[in-house]
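Numbering (our numbering), first residue to last: 712 to 849.
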């Protein structure tokens, strides 16, 4: 983490934490992050799950979908995320394809909702420049 980077942690009520835990216990999550290709890669993961004949769910910055039902492309709050994953569980989804943005990672999303499989697409210099981050090499 760089100097000046701020972690916004949202403290969740125990009931909400229990709902997160219950949903997460029923889903395998494939988390995708990187500079470019996150939404495309997340969509490909969901397509692979669908081609295997399993119910599927996908959440990206472009929107969400559960078994082909488009959930729209609005920004998701913690409550909306929880409602979406609970909807996926109710639909029999076992695999969630989830995009993690750099912002969500800084806010602790990967600590709250740990992926079972992680995909790192790439890291480009322009991303580092935009985020005011430097590579530390030793």
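Every residue gets a Cβ at the ideal spot worked out from N, C-alpha and C, and that includes glycine. Quick caveat: nothing in here was measured; it's all calculated off a predicted structure.
Span of the alpha helix (DSSP H), counted from its first residue to its last, around residue i
i	result
residue 726	725-737
residue 780	Residue 780 -> not in any alpha helix (DSSP H); beta strand (DSSP E) instead, spanning 780-783.
residue 769	Here residue 769 belongs to no alpha helix (DSSP H); instead the beta strand (DSSP E) covers 767-771.
residue 788	That residue, residue 788, is in no alpha helix (DSSP H); it is neither H nor E in DSSP.
From the options, residue whose alpha carbon lies closest to that of residue i
i	options	result
residue 836	795, 783 and 746	746
residue 763	749, 799 and 804	804
residue 742	818, 782, 816 and 811	811
residue 822	735, 726 and 724	735
residue 799	813, 778 and 817	778
residue 802	731, 729 and 738	738
residue 809	752, 725, 731 and 732	752
Alpha-carbon spacing of residue i relative to residue j, whole angstroms
i	j	result
residue 754	residue 769	7 Å
residue 766	residue 796	13 Å
residue 757	residue 807	7 Å
residue 740	residue 834	22 Å
residue 748	residue 827	20 Å
residue 794	residue 781	14 Å
residue 849	residue 723	Legend: pLDDT at residue 849 = 36, less than 50; position of this residue unreliable, no value from coordinates given.
residue 790	residue 815	15 Å
residue 839	residue 817	14 Å
residue 825	residue 813	15 Å
residue 775	residue 783	6 Å
residue 829	residue 792	19 Å
residue 692	residue 760	Look at the range of the chain in this structure, 712 to 849, and you will see that residue 692 is not part of it.
residue 820	residue 733	17 Å
Any chain D beta carbon closer than 8 Å to residue i
i	result
residue 780	In summary, chain D is missing from the structure at hand, where a single protein chain is found.
Presumed contact (8 Å Cβ cut-off) between residue i and residue j, rounded CB distance
i	j	result
residue 773	residue 788	Actually they are not in contact, since the Cβ atoms of residue 773 and residue 788 sit about 17 Å apart, beyond 8 Å.
residue 831	residue 744	6 Å
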